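Chemist:
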Amino acid sequence: MSQAQALRISSILDNVFTFLLLIGCLGLFVQIYKQNDNLSALQNKYDQMVVLADQRMKRIDALQANLSDRNDKIELLMQAQEEERKANGERIDAIRKIIKENRCVRNSGISGDVINRLLKSE
Numbered sequence: 274m275s276q277a278q279a280l281r282i283s284s285i286l287d288n289v290f291t292f293l294l295l296i297g298c299l300g301l302f303v304q305i306y307k308q309n310d311n312l313s314a315l316q317n318k319y320d321q322m323v324v325l326a327d328q329r330m331k332r333i334d335a336l337q338a339n340l341s342d343r344n345d346k347i348e349l350l351m352q353a354q355e356e357e358r359k360a361n362g363e364r365i366d367a368i369r370k371i372i373k374e375n376r377c378v379r380n381s382g383i384s385g386d387v388i389n390r391l392l393k394s395e
């Protein structure tokens, strides 16, 4: 093989390797571009998920506030009911006291005078 042929083959091989290197670089560029698109799509999905999570947290906070308000109302109603029970207990005690003082109980029940006193005391 002569020196000219060796240079020619070397030049051809250099061109082939350069061409293959260029194709490899283009393939790598395409792959990077696709990965960038995939990352952009994932970022968009992540942003959407963050927005949805924020909305859900706001809903949860609103529900917790609503639940807290209802619990407060229930507590107030229970306190009012307890006060009413206490007042009713006091009324029952007063009625018992009046009945014991008068001893006007017949077989059929309480006399009319006792009933009138009870109605006046309320």
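Just so we're aligned, residue 274 is where the sequence shown starts under my numbering, counting upward by one.
Note that the Cβ used here is the ideal one computed from N, Cα and C, for glycine as well.
No experiment lies behind these values; they were computed from the predicted model shown.
Starting from the N-terminal side, write out each stretch of the alpha helix (DSSP H) that is 4 residues or longer and does not extend beyond the segment 331 to 378.
Modeler: Listed in chain order, nothing qualifies, since the segment 331 to 378 has no complete alpha helix (DSSP H) run of 4 or more residues.
Chemist: Between which residues of its own chain and ILE365 is the CB-CB distance below 6 angstroms, once the five residues before and five after are set aside?
Modeler: If you number the sequence shown from 1, residue 365 lands on position 92. Nothing meets the Cβ criterion.
Chemist: Pull up the distance between the alpha-carbon of LEU325 and that of ASN317, whole angstroms please.
Modeler: Sequence index remark: in the sequence shown, residue 325 carries index 52 (1-based). Sequence index remark: in the sequence shown, residue 317 carries index 44 (1-based). Going from the Cα of LEU325 to the Cα of ASN317 covers about 12 angstroms.
Chemist: Roughly how many whole angstroms lie between the Cα atoms of ALA335 and ASP342?
Modeler: Counting from one through the sequence shown, the residue named residue 335 turns up at place 62. Counting from one through the sequence shown, the residue named residue 342 turns up at place 69. Between ALA335 and ASP342, the C-alpha separation is close to 11 angstroms.
Chemist: What is the rounded straight-line gap between the Cα of ALA353 and the Cα of LEU315?
Modeler: Taking the sequence shown and counting its residues from 1, the one referred to as residue 353 is at position 80. Taking the sequence shown and counting its residues from 1, the one referred to as residue 315 is at position 42. Distance between the alpha carbons of ALA353 and LEU315: 56 angstroms.
Chemist: Measure the C-alpha to C-alpha separation of LEU312 and TYR306 and round it to an integer number of angstroms.
Modeler: Indexing the sequence shown from 1 puts residue 312 at position 39. Indexing the sequence shown from 1 puts residue 306 at position 33. Roughly 10 angstroms between the two C-alpha positions.
Chemist: Quick check on DSSP: helix, strand or coil for MET322?
Modeler: Translated into positions along the sequence shown, residue 322 becomes position 49. In the structure shown, MET322 sits in a helix (DSSP, three-state: H, G or I).
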